[in-house]
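Have a look at the structure below, then the notes.
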């Protein structure tokens, strides 16, 4: 048996086994939580709804992972990739064009194969708990827009990648540079061109806007605009985010969030987002992303020379388009062991942004806002430590609220408010998120 087949089978099996084990531990953790007695009827209702919602999402996620493993087997060991690639070999086009079309069709096929899960999640799970507000027509329009964007942006991107890889021995280096440039372009274009294709935005009301603009100005984020997004057209979930580059920076608040929070609580949420900016978290994550993609790019030529890998998947000869498709399939499995490291970093950054708010005297307001958000989004449920280590990008709700409510909270390491993330002081020991 080909050694590559054994290696891929082993990697997928280990990942699936670990994910199943982690899900089982989380189920047990949630069942134990059901035995606790809330202090009042309102808390009991919130807890019951959150636990049921978390359990149903966990079941859906686990079923989807098994489905993904079956698709992986079909694309690789079932020779699905090789068969799809063979359909384009007879086309009277250049190799780069044929490869670009192959990657485009492969991406579209993956979207179609996962579409039933998206439909069930929206009109089954989310509707069952009162979150879904998307009509079938709006859902179909959104999927059509996503597909059109994928074709419009994906085809020239794939063409550029393949042309660079095929035209130079240092093509991998140019591919890395192109990927970084494309990623930066999407960050710039998302709030200006892409998000308005799916959502309607309106300026924040004057009385709220004036106070929030003052906060932005005080922390060096002017010019930065404040917008309210019509999230309620699609979902009852609430959130806020900071997006854009340079003159296009904007803070976006879901209209569902404004329905739940007072002005003081909304200001605390805004300060949390400002904290990410002041602490240079986005800059740090960009450097991390650039470093990871560089390692991926530099390994491409080595994998391209592994003829046994392509033979195991049914390809007559190596091709960069087949390699890129394989990277898309195998990437999540290869990166899975790194998840605890990456999620730990993200939790640390969230804790630092929370500490930024506390240092400005708004910890109580942020805690109040988060408690409402957790309750309304039905995510106020405990997380098993090992499961959290792999999947939780934010500190668990209970420990996060406890940290915010802790009296006399002091700045981390006595640093100034705008001190950047210090990677040298990073610890795997549990701090704010109480995972140990």
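In the UniProt record's numbering, the protein residues as written are 1 to 436. Ideal Cβ positions, reconstructed from N, Cα and C, are used throughout, including at glycine.
- Query: When the Cβ atoms of the segment 45-59 are set against those of the segment 99-119, are three or more pairs found closer than 8 Å?
  - Reply: no
- Message: Can you tell me whether residue 234 is helix, strand or coil according to DSSP?
- Response: Start at 1 with the first residue of the chain shown, and residue 234 comes out as number 234. Reduced to three states, the DSSP call for residue 234 is coil.
- Buried or exposed (CB count within 10 angstroms, at least 16 for buried), residue 305: As a first step, residue 305 must be located in the chain shown, where it is residue number 305. Looking at its Cβ environment, which holds fewer than 16 other Cβ atoms inside 10 Å, residue 305 is exposed.
- Message: Can you look up residue 414 in the DSSP assignment and give me helix, strand or coil?
- Response: As a first step, residue 414 is located in the chain shown; it is residue number 414 there, counting from the start. Its pLDDT being 41, under 50, residue 414 is placed unreliably in this model, and the value from its coordinates should be taken loosely. Three-state result, residue 414: helix.
- Item | Ranges of the alpha helix (DSSP H) found wholly within the segment 328-366, counting only runs of at least 4 | Here the runs fully enclosed are 339-359.
- Query: Using the C-alpha atoms, what's the distance from residue 292 back to residue 331?
  - Reply: What you label residue 331 is simply residue 331 of the chain shown in a count that begins at 1. What you label residue 292 is simply residue 292 of the chain shown in a count that begins at 1. Those two C-alpha atoms are separated by around 12 Å.
- Message: Need the endpoints of the beta strand (DSSP E) that residue 250 sits in, please.
- Response: Residue mapping note: residue 250 aligns to position 250 of the chain shown, counting from 1. Per DSSP, the unbroken beta strand (DSSP E) holding residue 250 starts and ends at 250-254.
- Query: Leaving out the 5 sequence neighbours to the left and right, which residues in its chain are closer than 8 Å to residue 16 when beta-carbon positions are compared?
  - Reply: On the chain shown, position 16 is the one that residue 16 refers to. 65, 66 and 69.
- Query: Should residue 384 be labelled buried (16 or more other beta-carbon atoms within 10 Å of its own) or exposed?
  - Reply: Taking the first residue of the chain shown as 1, we reach residue 384 at position 384. Classification of residue 384: buried, given that the 10 Å Cβ count is 16 or more.
- Using the Cα positions of residue 235 and residue 131, report the straight-line distance between them to the nearest angstrom. Taking the chain shown and counting its residues from 1, the one referred to as residue 235 is at position 235. Taking the chain shown and counting its residues from 1, the one referred to as residue 131 is at position 131. Each residue's alpha carbon lies about 5 Å from the other.
- Let me know the secondary structure DSSP gives residue 226 once reduced to three states. As a position in the chain shown, residue 226 is number 226, starting the count at 1. DSSP places residue 226 in strand when its eight states are reduced to three.
- Query: When you compare only the Cα positions, how much space is there between residue 409 and residue 366?
  - Reply: Position 409 of the chain shown holds residue 409. Position 366 of the chain shown holds residue 366. For residue 409, the predicted structure reports a pLDDT of 46, less than 50, and the residue's modelled location is therefore unreliable. The matter cannot be settled from this model.
- Query: Hey, how far is the Cα of residue 172 from the Cα of residue 343?
  - Reply: The residue you call residue 172 lines up with position 172 of the chain shown. The residue you call residue 343 lines up with position 343 of the chain shown. If I take the Cα positions, the gap works out to 28 Å.
- Query: Is residue 280 helix, strand or coil by DSSP?
  - Reply: Position 280 of the chain shown, counted from the start, is the residue given in the question as residue 280. Coil.
- Check residue 133 in the structure and name its three-state DSSP category. Here residue 133 corresponds to residue number 133 of the chain shown, with the count starting at 1. Residue state, collapsed to three classes: coil.
- For residue 244, the nearest candidate out of 227, 210, 363 and 217 (CA to CA): Taking the first residue of the chain shown as 1, we reach residue 244 at position 244. Minimum Cα distance to residue 244 is reached at 227.
- Same chain only: Cβ atoms within 6 Å of residue 163, ignoring 5 sequence neighbours per side: Walking along the chain shown from the start, residue 163 turns up at place 163. The answer, listed in chain order, is 96.
- Message: Going by C-alpha to C-alpha distance, which of 58, 34, 199 and 59 sits closest to residue 47?
- Response: Numbered from 1 along the chain shown, position 47 holds the residue referred to as residue 47. Of the candidates 58, 34, 199 and 59, the one whose C-alpha sits nearest the C-alpha of residue 47 is 34.
- Identity of the residue in 62, 222, 310 and 272 nearest residue 323 by Cα: Taking the chain shown and counting its residues from 1, one reaches residue 323 at position 323. Comparing Cα-Cα distances from residue 323 to each of 62, 222, 310 and 272, the minimum goes to 310.
- Item | Terminal residues of the alpha helix (DSSP H) in which residue 202 lies | The count along the chain shown starts at 1 and reaches residue 202 at position 202. DSSP places residue 202 outside any alpha helix (DSSP H); the residue lies instead in the beta strand (DSSP E), whose first and last residues are 201-203.
- Query: Does DSSP classify residue 405 as helix, strand or coil?
  - Reply: Here residue 405 is taken as the residue at index 405 of the chain shown, counted from 1. Correct three-state label for residue 405: helix.
- Message: For the beta strand (DSSP E) containing residue 389, name the first residue and the last one.
- Response: Residue 389 sits at position 389 when you count from the first residue of the chain shown. It is not in any beta strand (DSSP E) - residue 389 instead sits in the alpha helix (DSSP H) that spans 385-391.
- Query: How big is the Cα-Cα spacing for residue 8 and residue 397?
  - Reply: Indexing the chain shown from 1 puts residue 8 at position 8. Indexing the chain shown from 1 puts residue 397 at position 397. The alpha-carbon atoms of residue 8 and residue 397 are separated by roughly 37 Å.
- Query: In whole angstroms, what separates the C-alpha of residue 355 from that of residue 83?
  - Reply: Residue mapping note: residue 355 aligns to position 355 of the chain shown, counting from 1. Residue mapping note: residue 83 aligns to position 83 of the chain shown, counting from 1. Residue 355 and residue 83: Cα-Cα distance of roughly 54 Å.
- Message: Please classify residue 317 as buried or exposed, where buried requires at least 16 other C-beta atoms within 10 Å of its C-beta.
- Response: Looking up residue 317 in the chain shown gives position 317. Exposed.
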